[in-house]
Every structure is written in C-alpha cells, then in structure tokens.
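Heads up: the structure comes next, in structure tokens.
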Amino acid sequence: MSIRSTLESIGEYALLLRRVLMPPDRAREFAKEFSKETYKLGVNSIWIVTIISLFIGAVIVMQIAYNINSPLLPRSTVGSVSREIIILEFSSTVICLILAGKVGSNIASEIGTMRITQQIDALDIMGVNSANFLILPKIAAFVLFMPVLVIFSTFMGLYGGYVFCAISGDPSPDTYIYGIQFFFRESLVWYSLLKSMLFGFIISSVAAYYGYNARGGALDVGKASTDSVVANSILILMIDLAFTQLMMG
Amino acid sequence: MIEVQNLIKQFEGKVVINNISTKFKEGAVNMIIGKSGSGKSVFLKCLVGLLRPEGGKVLYDGKDFLKMKQKDVKKLRRNMGMLFQNAALFDSKTVLENVMFPLDMFSRKNYRERKKRAEFCLERVDLLDAANLYPSEISGGMMKRAAIARAIALNPKYLFCDEPNSGLDPKTSQLIDELIQGITKDFEITTIVVSHDMNSVMNIGDHIIFINEGVKEWEGTKDHVINSDNKELNEFVFASDLFKKIKEAEETGQETRNSER
Chain A
1 MSIRSTLESI GEYALLLRRV LMPPDRAREF AKEFSKETYK LGVNSIWIVT
51 IISLFIGAVI VMQIAYNINS PLLPRSTVGS VSREIIILEF SSTVICLILA
101 GKVGSNIASE IGTMRITQQI DALDIMGVNS ANFLILPKIA AFVLFMPVLV
151 IFSTFMGLYG GYVFCAISGD PSPDTYIYGI QFFFRESLVW YSLLKSMLFG
201 FIISSVAAYY GYNARGGALD VGKASTDSVV ANSILILMID LAFTQLMMG
Chain B
250 MIEVQNLIKQ FEGKVVINNI STKFKEGAVN MIIGKSGSGK SVFLKCLVGL
300 LRPEGGKVLY DGKDFLKMKQ KDVKKLRRNM GMLFQNAALF DSKTVLENVM
350 FPLDMFSRKN YRERKKRAEF CLERVDLLDA ANLYPSEISG GMMKRAAIAR
400 AIALNPKYLF CDEPNSGLDP KTSQLIDELI QGITKDFEIT TIVVSHDMNS
450 VMNIGDHIIF INEGVKEWEG TKDHVINSDN KELNEFVFAS DLFKKIKEAE
500 ETGQETRNSE R
C-alpha cells in the first residue's frame with residue numbers, strides 16, 4: 001500500500017465520518033435501528049466474551065501463580081497482578097481485538113453486501129443519507145454497549161481466576177479475593193472503559209468504511225471484511241500503545 | 250420535465266457518455282436502448298445522481314440537478330422512484346416493511362395511514378399476499394414487483410427502471426412491462442427505462458433513445474424504430490430472429506401490395 005493510497009483512504013474515511021456524524025433524518029427510525037444493532041452487535045457478543053474471559057482469566061491467574069512464587073511476595077500478589085492485567089489490558093484491549101474479528105467483519109460484510117446489491121444506491125435515490133442511516137446506529141450501539149462488555153469481561157476473567165484458585169487451592173480463594181481488593185484504584189476501571197469505547201468507535205467506523213466502499217462482487221465483500229479486521233487489529237494495537245503512554249506515562 | 254444537455258461522463262479518461270442531449274417525454278415511457286456496455290446504465294445513473302458527470306446539465310423542470318443545493322436535491326429525490334436491475338430490496342425487511350420504508354422516512358402520516366398506502370401499492374402490483382414474506386422467500390418477478398411498489402410509495406413524478414426484465418422469463422417480463430406502463434399512465438409519471446429487450450421496447454416504449462458507444466445514435470417512436478435507416482440501430486434491432494421475421498413479413502407484405510396495385 002503506497003503512502004498516497006493510505007492518505008487517500010484516510011481522507012475518504014474522514015469524509016465518510018462527516019456524513020455519518022450528522023443528526024438522523026428520522027429519530028424514530030434511528031431508535032429502531034439503534035435497538036436492533038445493540039442486540040445484534042452487543043448482546044450477541046456476550047457469549048463469546050463470557051467464554052474467552054472465563055478461560056483466559058483462569059490462565060492468567062494460573063501463569064502468575066506459577067511464575068510469581070517467591071517467599072518475599074505474599075500470595076495475594078497473584079490476585080492484585082491478575083486484576084491489573086485483566087482490567088488494564090485483557091478486558092479492554094484483547095477483547096476488542098477479538099470483537100474486531102466478530103463485530104468488525106459482521107459490519108463490513110453486511111454493509112458491503114448492501115453496497116454490491118445496490119441497496120445503498122436505493123437509499124441514496126430515496127434521498128436518505130445512507131451513511132448516516134446505516135452506520136450511525138451501529139457506531140452508537142457498539143460504543144455505548146462496549147462498557148457493558150468490558151465490565152462483563154472483567155468480572156468473568158476474575159471469576160475464571162477464582163475458579164482456578166478454588167480447584168488448585170494455591171493461592172486460596174480468600175487470598176485471591178484479598179489480592180483483588182488490595183490497593184484497588186477505581187480510576188483504572190474508568191481508564192479501561194474509556195479506552196474500550198474508543199476502540200468500539202474505531203472497530204465499528206473502520207469496518208463500516210471498508211464495507212461502504214466495497215465494489216464488485218462476493219469476493220470483494222470478503223476482501224473488505226478481511227481488510228477491516230486487519231486494519232482494526234493494527235489500529236487497536238497502535239492506539240493502545242499511544243493511549244497507555246498518554247494516560248499512564 | 251427532464252432534459253439532458255451535452256452530458257459527458259468519463260471513467261479514468263475513457264469517455265463513456267459522449268455529449269448526449271435529449272428531452273424526455275412527460276407522462277410517458279421513455280426507453281433508453283443499446284447493446285451491453287453502450288453506456289445506457291451509466292447514462293441513467295447520471296440522470297438520478299448516482300454518478301456525477303464531467304460535463305453537461307441534467308435539468309429537472311428547468312433546474313440543473315448538478316448545481317442544486319443539498320436541500321433541493323433531497324426534495325427532488327422524494328419525487329424519484331427507482332427500480333434496480335436486481336430489485337435492491339432490503340434483505341432484513343419484509344416486503345411490506347420495504348414498501349413502507351420511504352413512507353416511514355419521509356411521510357408525516359401516522360402508522361395506520363402509512364400501512365394503508367403501502368398495502369395499496371402492493372395491491373397495485375398484485376403482491377399483497379406476500380406482504381409478510383422476506384425478499385429471500387419470493388421469486389425474482391415478485392421482487393421486481395415489490396421494488397415497483399416501493400418506488401411508487403411516495404407517489405413520485407419520475408420512475409427510473411434499470412433493466413427491469415433482466416433474469417425474468419418472457420411471461421413475467423411482459424407482466425412487469427404492463428405494470429410499468431400501467432403505473433406510468435395511472436399516476437401520470439415520467440418513466441425512463443433502460444433496456445436491451447426489443448420486446449419491451451415494442452410493448453411499452455413511447456419515446457425511444459438508442460445509445461451506441463456512449464453516443465446518442467437515434468431518437469424517435471417505436472413506430473419508426475423498425476423502419477429506421479440508422480445502420481447501428483438496425484444491427485441492434487434485427488439481431489433478434491423475431492424482429493428479422495417481422496421485417497421480412499413487412500417487406501413481403503409491401504411487395505404484395507405494390508404488385509396488387
């Protein structure tokens with residue numbers, strides 16, 4: 001990809017966002033689409049977030065329990081370190097990387113299919129702002145549901161660790177819970193939620209951009225979907241690095 | 250009234266529409282015909298604003314569509330209905346919801362009135378029975394009829410049809426043609442149809458424009474299309490065996506009449 005085409009894509013993305021971020025033509029229709037998208041993109045993602053968080057949470061606690069095994073450190077450290085990892089990186093960043101695959105590809109392929117089957121042209125002909133009508137409810141629904149998914153993921157991740165402690169007994173569940181509560185800073189949760197909402201915006205808008213600009217046939221929709229996942233993954237990692245430096249540095 | 254003046258459209262330097270000017274007949278079925286790749290669909294897309302031409306004017310009641318303010322474009326679009334080649338119905342909505350969609354977006358009527366209007370449109374295209382089905386559950390012909398119902402929901406002044414008969418059997422094609430013609434007359438709509446189907450042209454075409462390689466080659470009525478001396482048009486029209494036979498029959502009849510005299 002040349003610098004010129006990258007700059008062109010950024011310009012096109014900005015122009016698309018300008019059309020998306022406008023007041024909806026009809027509030028009633030927006031509300032209808034918003035509730036549909038909340039269910040489709042948000043509620044339908046709970047199961048995958050639950051399964052992944054539960055297992056990864058258990059694995060994080062397992063790894064830390066095996067690797068931080070020093071008589072100089074209390075066993076409650078396992079709980080504290082796991083909590084920090086889960087809140088700061090796992091629930092907000094790793095879950096977003098997974099959702100970039102699930103939700104991002106869903107958005108890109110849905111809008112891409114609408115593009116190649118002329119459904120978007122049909123909206124434009126009617127005088128509907130197709131970008132606003134199709135994309136804004138998706139962005140709004142996903143960004144606003146993101147904190148719910150992150151909180152859910154955090155709880156399930158910590159619960160996965162608890163289950164491991166209950167089975168292995170090292171550290172004991174009580175020590176683990178004490179570690180989770182020890183020197184807990186509420187600001188980290190806000191940081192995690194804010195970061196996840198930013199990622200939610202990136203995932204939904206970038207995927208929508210790829211779908212909206214799909215041209216050709218089924219193969220091109222598949223390519224748009226794959227490209228959106230790749231672009232989203234790279235963007236999430238880059239923004240995570242910058243955001244962490246900005247907030248923590 | 251729709252008028253086009255010196256329309257030019259290029260793709261990466263290649264001229265696809267070359268200086269086309271024409272006036273469409275009001276309240277009639279205007280047909281744009283030509284071979285595949287001749288530029289007729291591009292021409293239609295320029296008319297409805299899906300493509301922006303590099304030169305020329307598209308005038309709706311004397312106002313240049315390409316220079317209109319966004320607000321006026323939106324207003325004009327509410328007077329346009331379009332039937333796409335593949336119907337372009339919204340997959341996630343039922344047939345009734347598809348027809349109600351433009352009403353939901355732009356009509357100030359209450360739900361009951363909007364539904365009544367949508368059902369009226371579906372009844373007009375004889376599709377009320379399929380109101381609660383999804384596009385994936387109906388045939389291609391039914392999809393086209395549903396798309397026509399959606400296109401007329403807001404009672405438009407202009408109806409644009411891009412290859413309305415593509416992928417349909419001859420009987421269904423005829424049905425769609427009759428529907429387009431009927432709606433044009435009943436609602437006094439100016440209809441513009443892009444087609445390469447000569448049966449359609451002879452069935453419903455009131456005003457015909459023949460485009461060849463981006464250039465308007467011929468313009469006239471269906472009564473003159475068979476007897477035209479335009480070489481390109483003749484090649485296009487008589488590519489079909491049926492029309493060759495009609496022409497031969499006409500010539501034989503003419504000779505007989507001449508010898509009788």
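Residue numbers (our numbering), protein chains in the order written: chain A, 1 to 249; chain B, 250 to 510. We put the CB at the ideal spot given by N, CA and C, even for glycine. Keep in mind that this is a model prediction, so the values were computed, not measured.
Original post:
For the beta strand (DSSP E) that contains Val265/B, what are its first and last residues?
Top reply: Taking the second sequence and counting its residues from 1, one reaches residue 265/B at position 16. Boundaries of the beta strand (DSSP E) around Val265/B: Lys263 to Lys272.
Subject >> Residue burial classification, Phe183/A (beta-carbon count within 10 angstroms, cutoff 16) >> reply: Numbered from its first residue, the first sequence carries residue 183/A at position 183. Burial call: exposed.
Original post:
For Thr439/B, which three-state DSSP category applies?
Top reply: The residue given as residue 439/B occupies position 190 in the second sequence. Looking at Thr439/B - three-state DSSP - the assignment turns out to be strand.
Original post:
Do you know whose CA, among Ser415/B, Glu372/B and Gly431/B, lies nearest Asn448/B's CA?
Top reply: Stepping through the second sequence from its first residue, residue 448/B is reached at position 199. The candidate whose alpha carbon is nearest that of Asn448/B is Ser415/B.
Subject >> Cut-off 8 Å between Cβ atoms - residues of its own chain near Glu468/B, not counting five sequence neighbours on either side >> reply: In the second sequence, residue 468/B corresponds to position 219, counting from 1. Within the same chain, Glu468/B has close Cβ partners Thr271, His456, Ile457, Ile458 and Phe459.
Subject >> Which listed residue (Ile203/A, Ala208/A, Gln245/A and Leu149/A) has its alpha carbon closest to that of Gly42/A >> reply: Here residue 42/A corresponds to residue number 42 of the first sequence, with the count starting at 1. Gly42/A has its Cα closest to that of Leu149/A, out of Ile203/A, Ala208/A, Gln245/A and Leu149/A.
**OP:** Run through the segment 403-472 of chain B for me and flag every whole beta strand (DSSP E) of 3 or more residues, listed as ranges in chain order.
**Re:** Those beta strand (DSSP E) runs which fall completely within the segment 403-472 of chain B and span 3+ residues are 407-411, 439-444, 456-461 and 464-469.
Subject >> Within 9 Å, strictly: CB atoms of Lys324/B and Leu315/B >> reply: Indexing the second sequence from 1 puts residue 324/B at position 75. Indexing the second sequence from 1 puts residue 315/B at position 66. Contact: no.
Subject >> beta strand (DSSP E) segments (min. 3 residues) lying fully within the segment 21-72 of chain A >> reply: none
Original post:
So Ile281/B is in the beta strand (DSSP E); what residue range does that whole segment cover?
Top reply: Within the second sequence, the letter at position 32 stands for residue 281/B. Per DSSP, Ile281/B belongs to the beta strand (DSSP E) from Val278 to Ile282.
**OP:** Just grab the DSSP bridge partners of Met331/B for me.
**Re:** One-based indexing of the second sequence puts residue 331/B at position 82. Partner(s): Phe409/B.
Original post:
Which residues mark the beginning and the end of the alpha helix (DSSP H) in which Phe201/A is found?
Top reply: Within the first sequence, residue 201/A is the residue found at index 201, counting from 1. Glu186 to Tyr212 is the extent of the alpha helix (DSSP H) around Phe201/A.
Subject >> C-beta neighbour in chain B for Ala122/A, strict 9 Å >> reply: Position 122 of the first sequence, counted from the start, is the residue given in the question as residue 122/A. True, the Cβ-Cβ gap to chain B drops below 9 Å.
Original post:
From Glu110/A to Gly104/A, what does the alpha carbon distance come to, in whole angstroms?
Top reply: Taking the first sequence and counting its residues from 1, the one referred to as residue 110/A is at position 110. Taking the first sequence and counting its residues from 1, the one referred to as residue 104/A is at position 104. Cα to Cα, Glu110/A sits roughly 10 Å from Gly104/A.
Original post:
Around the Cβ of Gly57/A, are there at least 16 other Cβ atoms within 10 angstroms (buried) or fewer (exposed)?
Top reply: Here residue 57/A refers to the residue found at position 57 when the first sequence is read from its first residue. A buried status is given to Gly57/A, since no fewer than 16 other beta-carbon atoms sit within 10 Å of its beta-carbon.
Subject >> Whether Gly463/B touches Lys258/B by CB criterion (9 Å) >> reply: As a first step, residue 463/B is located in the second sequence; it is residue number 214 there, counting from the start. As a first step, residue 258/B is located in the second sequence; it is residue number 9 there, counting from the start. Result yes, Cβ atoms of Gly463/B and Lys258/B sit closer than 9 Å.
Subject >> Sequence-distant residues of its chain with Cβ nearer than 6 Å to Asp446/B (five each side left out) >> reply: As a working mapping, residue 446/B is identified with position 197 in the second sequence. Asn414, listed in sequence order.
**OP:** Tell me Gly304/B's beta-bridge partners as DSSP assigns them.
**Re:** The count along the second sequence starts at 1 and reaches residue 304/B at position 55. Gly304/B is bridged by DSSP to Ile257/B.
**OP:** Have a look at the DSSP bridge pairing and note the partners of Ile251/B.
**Re:** Stepping through the second sequence from its first residue, residue 251/B is reached at position 2. According to DSSP, which records beta bridges pairwise, Ile251/B is partnered with Tyr309/B.
**OP:** Can you give me, in chain order, the residues of the segment 6-32 of chain A that have a beta carbon less than 8 Å from any beta carbon in chain B?
**Re:** Asp25, Arg26, Arg28 and Glu29
**OP:** Return the Cβ separation of Leu428/B and Arg399/B in integer angstroms, given the expectation that the two are a contact with Cβ distance under 8 Å.
**Re:** To locate residue 428/B, count along the second sequence from 1; it is residue 179. To locate residue 399/B, count along the second sequence from 1; it is residue 150. So it is not a contact: roughly 13 Å between Cβ atoms.
**OP:** Work out the CA separation of Gly200/A and Val143/A for me, nearest whole Å.
**Re:** Here residue 143/A corresponds to residue number 143 of the first sequence, with the count starting at 1. Here residue 200/A corresponds to residue number 200 of the first sequence, with the count starting at 1. Approximately 5 Å, taken between the alpha carbons.
Original post:
With a cut-off of 9 Å, does the C-beta of Met354/B fall near any C-beta of chain A?
Top reply: As a first step, residue 354/B must be located in the second sequence, where it is residue number 105. Chain A contact via Cβ: present.
Original post:
Quick one: is Gln259/B near chain A, going by C-beta distance under 9 Å?
Top reply: Looking up residue 259/B in the second sequence gives position 10. No, because no Cβ of chain A sits closer than 9 Å to the Cβ of Gln259/B.
**OP:** Please look up how many angstroms separate the CB atoms of Ala100/A and Ser233/A, rounded, as I've assumed it's under 8 Å.
**Re:** As a first step, residue 100/A is located in the first sequence; it is residue number 100 there, counting from the start. As a first step, residue 233/A is located in the first sequence; it is residue number 233 there, counting from the start. 6 Å between Cβ atoms; contact.
Original post:
DSSP three-state call for Asp375/B: helix, strand or coil?
Top reply: Numbered from its first residue, the second sequence carries residue 375/B at position 126. Of the three classes helix, strand and coil, the one that applies to Asp375/B here is coil, per DSSP.
Subject >> CB contact check: Ala395/B to chain A, cutoff 9 Å >> reply: As a first step, residue 395/B is located in the second sequence; it is residue number 146 there, counting from the start. Judged by the 9 Å Cβ criterion, Ala395/B is not in contact with chain A.
Original post:
Who are the Cβ neighbours of Gln423/B in its own chain at under 8 Å, not counting the five residues just before and after it?
Top reply: Along the second sequence, read from residue 1 onward, the residue named residue 423/B stands at position 174. Counting only Cβ-Cβ distances below 8 Å, and skipping sequence neighbours, we find Asn448 and Asn452.
Original post:
Can you list, in chain order, the residues of its chain whose CB lies under 6 Å from that of Ile60/A, leaving out five sequence neighbours each side?
Top reply: For this step, residue 60/A is matched to residue 60 along the first sequence. Within the same chain, Ile60/A has close Cβ partners Ser82 and Ile85.
Original post:
Given that a residue counts as buried once 16 or more other Cβ atoms are within 10 Å of its Cβ, and exposed if not, what is Val230/A?
Top reply: In the first sequence, counting from the first residue as 1, residue 230/A sits at position 230. An exposed status is given to Val230/A, since fewer than 16 other beta-carbon atoms sit within 10 Å of its beta-carbon.
Original post:
According to DSSP, is Tyr383/B helix, strand or coil?
Top reply: Residue 383/B sits at position 134 when you count from the first residue of the second sequence. Coil at Tyr383/B, not helix or strand.
Original post:
What did DSSP end up calling Thr343/B once you bin it into helix, strand or coil?
Top reply: Along the second sequence, one-based indexing puts residue 343/B at 94. In the structure shown, Thr343/B sits in coil (DSSP, three-state: anything other than H, G, I, E or B).
**OP:** For the alpha helix (DSSP H) holding Glu110/A, just list the boundary residues, first then last.
**Re:** Position 110 of the first sequence holds residue 110/A. Ser105 to Ile116 is the span of the alpha helix (DSSP H), which, as asked, contains Glu110/A.
Original post:
Arg18/A to Gln319/B, Cα distance in whole Å?
Top reply: The residue labelled residue 18/A in the question sits at position 18 within the first sequence. The residue labelled residue 319/B in the question sits at position 70 within the second sequence. About 15 Å.
**OP:** Using a cut-off of 7 Å between C-beta atoms, extract the partners of Val68/A located in chain B.
**Re:** For the purposes of this step, residue 68/A is taken as the residue at position 68 of the first sequence. A small correction: the amino acid at residue 68/A is Ile; Val does not occupy that position in the sequence shown. The contacting residues do not exist; Ile68/A stays about 51 Å from chain B at best.
Subject >> Interface positions of the segment 332-355 of chain B facing chain A (Cβ-Cβ less than 9 Å), listed along the chain >> reply: Taking 9 Å as the Cβ-Cβ cut-off against chain A, the residues of the segment 332-355 of chain B that qualify are Phe333, Gln334, Asn335, Ala336, Ala337, Leu338, Phe339, Asp340, Ser341, Phe350, Pro351, Asp353, Met354 and Phe355.
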